[in-house]
Structure formats: structure tokens, C-alpha cells
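Comments concern the structure below.
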Amino acid sequence: GLPRGGEGLRVLDLGCGTGASTGALAEVLPSADITAVDASAGMLERAAAKTWPPNVTFTHAPAERLAEAGVTGPFDAVFAAYLFRNVTDPDAVLRTVHGLLAPGGRLAVHEYTLGGRRTDRAVWTLVCRGVVQPVATLLGDGDLYRHLWRSVVEFDTADRFADRLRKNGFDSVRRLPLPGWQTGITHTFTGRRPTTTETAR
């Protein structure tokens, strides 16, 4: 982790769901102030039912309406897992995140983004249609996982999402593929809001 476990840092977990990502952040940064936000009241209820230290707070808000919910910066870091496929205007949300970050602050995005090769789409389709969807259908969630397959296929490729980050003001953009069968399917992206001095150049 960071020195002193992130003491003095403000971190935003955007699209926190049931709190899995929030828990991971709190483990790595036990002294940071963590604000966890999600649009789903049901998921937030499940998250809030867990035991959390006082420096972790939960807020019910869609990513597109953070200011209305009282979520204000500056944050030193923003983390978003499996969020951007599901927002209507990714550019607007990225601009909001950019504005919430302190100069030099970091964004990390973990997302299903195909690598752009035909084999990447083929593997994703095989996994969804051969494994995920049949099991989900048995459990009564078939429609949800059909949406999952379609949302990934229709979303940005990894290169396109990296370009989207740059277009919305982030620099030092990196794209990190996951290992194993998810290579070419799931990526972590990092970017930074430039400092005031860098912006003025």
C-alpha cells in the first residue's frame, strides 16, 4: 500500500455495487477516506449491511448525477469497475471524474473491453453462450447475461477506450490486459489528471 496506509487521501469508488471493490480498496488503503457510490439502492443495501470502518461511506447516486448527491472533490484517486459499459454517456462521466480529481490525481478503470481481434470476440461469445448464459438461464437470470454479452460486444475496444480517456483530459494512460483466458477481453486502464503546471504549458 501507500505510506501510512493512505492516510490523508480521498478515494472515490464509482459503481461500487455490493462493496467488493470497496473492501479491496479499504484493505490496501485502510487509512484513506473512501466514498463508495452506486446507482442501485439494492446493491448499496447489501454493501452497507457489511461491517465497515468509519472512514468508508456509501452514497446512492448514478454516476451521471454525483454533484446532486453531494459527492464533491477533490479526490486523490477514483476507481471504477464494470461501470462505463452501463452509462449512457461515458464521455460525460469521464469529464465529471476528471473534474473531481485533484491535479495529479489518478483514475483506474477495470472493464470488459475487447482487444479488437476476431479471436477476442469469439472467446467472449464462446464463454457467454457456452457457459455463462446456460447457467444463468437455469438460475432465472438469462436476460441479464444476454445483456452482458451484448454490452461488451457493443462497447469500446480497449484501444478506443484508452483514446476516450485521452480525449477527456487524462494523460499517462496505460492499458493492462488481464492474464489467462481474459486476455483480450478484460483490461485495467489507468490515467492521470495533469497538474496545473502541466496544463498551463
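For the record, in the sequence shown the residue sitting at position 66 is 165 according to the numbering used here, with numbers rising by one throughout. We put the CB at the ideal spot given by N, CA and C, even for glycine.
query, result
"Less than 8 Å between C-beta atoms, sequence neighbours within five positions excluded: which residues of the same chain meet that for Asp-336?", "This structure leaves residue 336 out entirely; the chain is present only between 100 and 300."
"Quick test of your reading: Ala-146 and His-159, contact by CB under 8 Å. State the CB separation rounded to the nearest angstrom.", "Ala-146 to His-159, Cβ: 10 Å. No contact."
"List the whole-angstrom C-beta distance separating Phe-183 from Glu-210, where the pair is believed to meet the contact cut-off of C-beta under 8 Å.", "6 Å"
"Take the Cβ of Pro-278 as the centre, count every other Cβ of all protein chains shown within 10 Å, and call the residue buried at 16 or more, exposed below.", "exposed"
"Short of 6 Å in beta carbon distance, which residues of its chain neighbour Thr-117, apart from the five on each side in sequence? Order them along the chain.", "Met-142, Arg-145 and Ala-146"
"Looking only at C-alpha atoms, which of Phe-288, Ala-207, Ser-271 and Val-136 sits nearest to Gly-169?", "Val-136"
"In whole angstroms, what separates the C-alpha of Asp-219 from that of Pro-153?", "42 Å"
"Quick one: grab the DSSP three-state call for Asp-270.", "strand"
"Determine the direct distance from the alpha carbon of Arg-245 to that of Leu-193, and round the result to whole angstroms.", "26 Å"
"Does the beta-carbon of Gly-105 have 16 or more other beta-carbons within 10 angstroms, so that it is buried, or is it exposed?", "buried"
"CA-CA distance, Thr-212 and Arg-205?", "20 Å"
"Suppose contacts are defined by Cβ-Cβ distances below 9 Å. Is Pro-189 in contact with Arg-263 by that definition?", "yes"
"Go through its chain and collect everything with a Cβ distance to Ala-261's Cβ below 7 Å, but skip five positions before and after it.", "Val-272, Arg-274 and Phe-288"
"Please classify Val-110 as buried or exposed, where buried requires at least 16 neighbouring CB atoms within 10 angstroms.", "buried"
"Alpha carbon to alpha carbon, what distance is there between Thr-296 and Tyr-302?", "Look at the range of the chain in this structure, 100 to 300, and you will see that residue 302 is not part of it."
"Please report the straight-line C-alpha distance between Gly-230 and Pro-293, rounded to a whole angstrom.", "Note that residue 230 is Val in the sequence shown here, rather than Gly. Answer to the nearest angstrom: the Cα atoms are 43 Å apart."
"Could you tell me which uninterrupted beta strand (DSSP E) segments, each at least 3 residues in length, are contained entirely in the stretch 155-201, listed from first to last along the chain?", "155-159 and 174-180"
"Would you mind working out which of Asn-267, Thr-224 and Asn-185 sits nearest Gln-281, comparing C-alpha positions?", "Thr-224"
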